[in-house]
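Chemist: Read left to right, the sequence shown gives residues -18 to -1, 1 to 365 (mature numbering (1 follows the signal peptide of the UniProt record, and there is no 0)).
Just so you know, even glycine gets a beta-carbon here, dropped at the ideal spot from N, CA and C.
Here the structure is a predicted model, which means the values were calculated and not measured.
Before I ask anything, here is the structure I am working with.
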Amino acid sequence: MKKLLYFILTLCTSSALAQSSNTIDKEKLIEFYQSQRYTEATAYLQIVYGAETDQPKELAQIAYTNLMAGNLAVAEKSYLKLYRQQPASLPVLFNLAAISIRRGDEGKAMSFYKEIIKIDSMNFNVYKQLASLVLNPVSPEKIGYLEKANKINPTHPDVAFDLATSYNKLNKNDSAYHVLDVALIADTANLSLLKAKMPVCIALLKMDETIQTGVKLMVYGDSSGYVLSNLGKAYYLNKEYQKAIDMYNVIERLQQSTESSFYYTSLCYKELKNYAKAADYMKLSIKEGISPYISNYYQILGEIYELTGMIKDANLAYHKSFDFENTGGAYYNLGLINDFKMDNKKAALKYYHLYLASKPDPEKRKEVIKYVKMRIAYLQGKS
């Protein structure tokens, strides 16, 4: 290892030494590198080369050492000096792009990668990196980069997975299937590719192949909710309803049930004419599909209507919140609105009592509970 580092340092510094009277203690620098004391190495190079050096080899060494030390801004400054001298240097462009990503400037990183493409239009890694910087999986730009990378290396699993996933989201499932098929020939046991294949096969109505793929994944040890859910859907579409239910029951035991898994479980029971269970699971699907905050949203909507004087609309919004999970807060709002704005003391009493019956937190709602009890006593005394 020491000999290798010595050789690298010789290559990096020979040109610099030829142009500069400064000498460098290679043994000392190797020791810094071997012990990963990059901060000390940067300080040492600063002393030897000086802060304003413009020698390419010296700049490259300073930039690299600062990069390894985590001094990204300093490293970028040195690499930019090199870039101005050597705008077509691929290592410099790659390092500037990598630094930009680490500093959170994806736009600048993309510009450097695009510079590389102008120089080397067949660079697989650049297309892969460019695709990773476009977050929207169905963006034409992202898909374009993935297609170019896949054309250069059609067996690369990560690119094949991302491209097939994007195609699947766009319902281009024939293309997705082809991409995965080629990649899986090179790596038949790649779990990520096999999992990506399942929804594609379902979309293409290749149910037997979906089931074979799911069973293979389970043999390989992947019995995740994702695999079981796709297997369940394939069994359902293949009219193997009990097998589908078996898959969804496992998901339920794993506590990984979703709106979709409850939905297909309900459909299976419906086909088997077990209507009681079909209804139960459809109710679960409906509940899972509704945000747990809907009741709170209607309550806040009611408060907004109150503040704008739209009392009837506020009253309707508070009542609408009861169609969803009721935490009791709307009872308090209805008590107040009937008490003070609708002049319906009987209804106010009813809602105040319902609020207390909902068992609000005695610590968090201490003042509210006290106020409600006071209003109940007052209204009962008036009646």
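Give the secondary structure of residue 322 by DSSP, where H, G and I count as helix, E and B as strand, and everything else as coil.
Modeler: helix
Chemist: Could you tell me the alpha carbon to alpha carbon distance between residue 380 and residue 283, rounded to whole angstroms?
Modeler: Here the chain covers residues -18 to 365 and nothing more, so residue 380 does not appear.
Chemist: Using beta-carbon positions only, say whether residue 119 and residue 93 come within less than 7 Å of one another.
Modeler: Contact flag unset, no.
Chemist: Taking 6 Å as the cut-off, does the CB of residue 104 come closer than this to any heavy atom belonging to the ligand HEM?
Modeler: Summarising the ligand content, the structure contains no ligands, and the ligand HEM is consequently not present.
Chemist: Given residue -9, which residues of its chain have a CB within under 6 Å of its CB, disregarding the five upstream and five downstream residues?
Modeler: Only weak support exists for where residue -9 lies, its pLDDT of 44 falling under 50; the coordinates are left without a value.
Chemist: Identify which residue in 40, 191 and 144 has its Cα closest to the Cα of residue 117.
Modeler: Of the candidates 40, 191 and 144, the one whose C-alpha sits nearest the C-alpha of residue 117 is 144.
Chemist: Go to residue 111, then tell me how far its alpha helix (DSSP H) extends in each direction, as first and last residue.
Modeler: 106 to 115
Chemist: For residue -18, is the classification buried or exposed, using 16 other Cβ atoms within 10 angstroms of its Cβ as the cut-off for buried?
Modeler: Bear in mind that the predicted position of residue -18 carries a pLDDT of just 45, short of 50, making it unreliable; the figure below should be weighed with that in mind. Burial call: exposed.
Chemist: Below 8 Å, can you find three or more Cβ-Cβ pairs linking the stretch 246 to 261 to the stretch 221 to 231?
Modeler: yes
Chemist: If you measure between the beta carbons of residue 91 and residue 82, is that distance less than 7 Å?
Modeler: The answer is yes: Cβ separation under 7 Å.
Chemist: Counting pairs of Cβ atoms below 8 Å between the stretch 163 to 174 and the stretch 183 to 197, do you hit three or more?
Modeler: no
Chemist: Which word fits residue 89, buried or exposed, when buried means at least 16 other C-beta atoms lie within 10 angstroms of its C-beta?
Modeler: exposed
Chemist: Given a threshold of 16 other Cβ atoms within 10 Å of its Cβ, counted over all protein chains shown, does residue 180 qualify as buried or as exposed?
Modeler: buried
Chemist: Determine the DSSP secondary structure at residue 147, reduced to helix, strand or coil.
Modeler: helix
Chemist: Do the stretch 332 to 348 and the stretch 309 to 320 make contact, defined as three or more Cβ pairs closer than 8 Å?
Modeler: yes
Chemist: Looking at C-alpha atoms only, which residue of 68, 363 and 150 is the closest neighbour of residue 328?
Modeler: 363
Chemist: Whose C-beta lies closer than 7 Å to the C-beta of residue 1 among residues of the same chain, with five residues either side of it excluded?
Modeler: With a pLDDT of 38 at residue 1, under the threshold of 50, the predicted position of this residue should be treated as unreliable, though the coordinate-derived value follows. The residues are 37.
Chemist: Which value, in whole angstroms, describes the spacing of the CA atoms of residue 107 and residue 132?
Modeler: 11 Å
Chemist: State the Cα-Cα distance for the pair residue 112 and residue 101, rounded to the nearest angstrom.
Modeler: 15 Å
Chemist: Measure the CB-CB distance between residue 64 and residue 74 and report whether it falls below 7 Å.
Modeler: Yes, these two residues count as a Cβ contact at 7 Å.
Chemist: Taking contact to mean at least 3 C-beta pairs separated by less than 8 Å, is the stretch 286 to 300 in contact with the stretch 269 to 276?
Modeler: no
Chemist: Got a sec, what are the start and stop residues for the alpha helix (DSSP H) residue 166 sits in?
Modeler: Its alpha helix (DSSP H) spans residues 155 to 168.
Chemist: For residue 54, which of helix, strand or coil comes out of DSSP?
Modeler: helix
Chemist: If residue 173 and residue 202 are in contact, beta carbons under 8 Å, what's the gap, nearest whole angstrom?
Modeler: Residue 173 to residue 202, Cβ: 6 Å. Contact.
Chemist: Just to confirm the assignment, what range does the alpha helix (DSSP H) spanning residue 96 have?
Modeler: 88 to 101
Chemist: May I have the straight-line CA-CA distance separating residue 70 from residue 86, to the nearest angstrom?
Modeler: 24 Å
Chemist: Could you give the residue range of the alpha helix (DSSP H) that holds residue 375?
Modeler: Only positions -18 to 365 of the chain appear in this structure, which leaves residue 375 out of reach.
Chemist: Would the beta-carbon of residue 50 fall within 7 Å of that of residue 20?
Modeler: yes
Chemist: With DSSP run on the structure shown, which of helix, strand or coil describes residue 283?
Modeler: helix
Chemist: If we call anything under 7 Å between Cβ atoms a contact, is residue 210 one with residue 233?
Modeler: yes
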